[in-house]
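Here's the structure we're looking at; comments come further down.
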Amino acid sequence: MPTPQLNWATRVGNQLLAEQLAYNHGELQQMVGQDYPNLNEGQKRIYDEVLESVNGQRGDAYFVHSAGGCGKTHLFNLIAAGVRSAEKVVLCVASSGIASLLLSRGRTAHSRFKIPIPVHEDSTCNIKKE
Numbered sequence: 717m718p719t720p721q722l723n724w725a726t727r728v729g730n731q732l733l734a735e736q737l738a739y740n741h742g743e744l745q746q747m748v749g750q751d752y753p754n755l756n757e758g759q760k761r762i763y764d765e766v767l768e769s770v771n772g773q774r775g776d777a778y779f780v781h782s783a784g785g786c787g788k789t790h791l792f793n794l795i796a797a798g799v800r801s802a803e804k805v806v807l808c809v810a811s812s813g814i815a816s817l818l819l820s821r822g823r824t825a826h827s828r829f830k831i832p833i834p835v836h837e838d839s840t841c842n843i844k845k846e
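Written as structure tokens, this is what we have:
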């Protein structure tokens, strides 16, 4: 009989935690080392501040706003790689499915955190004809 391919010890425990810790930390550190120098000064400031908050366990919240095409998604993915390379957990979530696809292992907030979306018989959406 063939040997099972699954590591049942991680399947029995917290699957989400096991998933988030199953990265090649060396590859992530290499990626950060290659991509960090390419960030602009503003992006470097944000990256450094967020990683300092994570490493200092401050639990700060950040809001990054900029026009489209300014490298926010690249910055978010690099921050995630930096946190994961330190063997810590980061969950990338977005409010829409399209945005979640751009993030490293991203999911919608509703999917990741099982936020219910109640739909009732009289529910409507506000989509206008143009």
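Numbering (the numbering used here), first residue to last: 717 to 846. Glycine included, each C-beta is placed from N, C-alpha and C at the ideal position.
According to DSSP, residues forming a beta bridge with residue i
{"i": "Ala678", "result": "Residue 678 lies beyond the stretch modelled for the chain, which goes from 717 to 846, so this question has no answer here."}
Which of helix, strand or coil DSSP assigns to residue i
{"i": "Arg774", "result": "coil"}
{"i": "Asn730", "result": "coil"}
{"i": "His781", "result": "coil"}
{"i": "Lys804", "result": "coil"}
{"i": "Pro753", "result": "helix"}
{"i": "Lys760", "result": "helix"}
{"i": "Gly798", "result": "helix"}
{"i": "Asn793", "result": "helix"}
{"i": "Glu743", "result": "helix"}
{"i": "Leu767", "result": "helix"}
{"i": "Ala738", "result": "coil"}
{"i": "Lys830", "result": "coil"}
{"i": "Leu818", "result": "helix"}
With 16 other Cβ atoms within 10 Å as the buried cut-off, status of residue i
{"i": "Gln759", "result": "buried"}
{"i": "Phe829", "result": "exposed"}
{"i": "Ser811", "result": "exposed"}
{"i": "Phe792", "result": "buried"}
{"i": "Leu733", "result": "exposed"}
{"i": "Ile831", "result": "exposed"}
{"i": "Arg774", "result": "exposed"}
Beta carbon proximity, residue i to chain D, threshold 8 Å
{"i": "Ser801", "result": "Protein chain content of the structure displayed is limited to a single chain, and chain D is not contained in it."}
Cβ-Cβ separation, residue j to residue i (assumed contact under 8 Å), whole Å
{"i": "Val748", "j": "Lys804", "result": "At roughly 13 Å, the Cβ-Cβ gap does not stay under 8 Å, so Val748 and Lys804 are not in contact."}
{"i": "Tyr752", "j": "Leu794", "result": "7 Å"}
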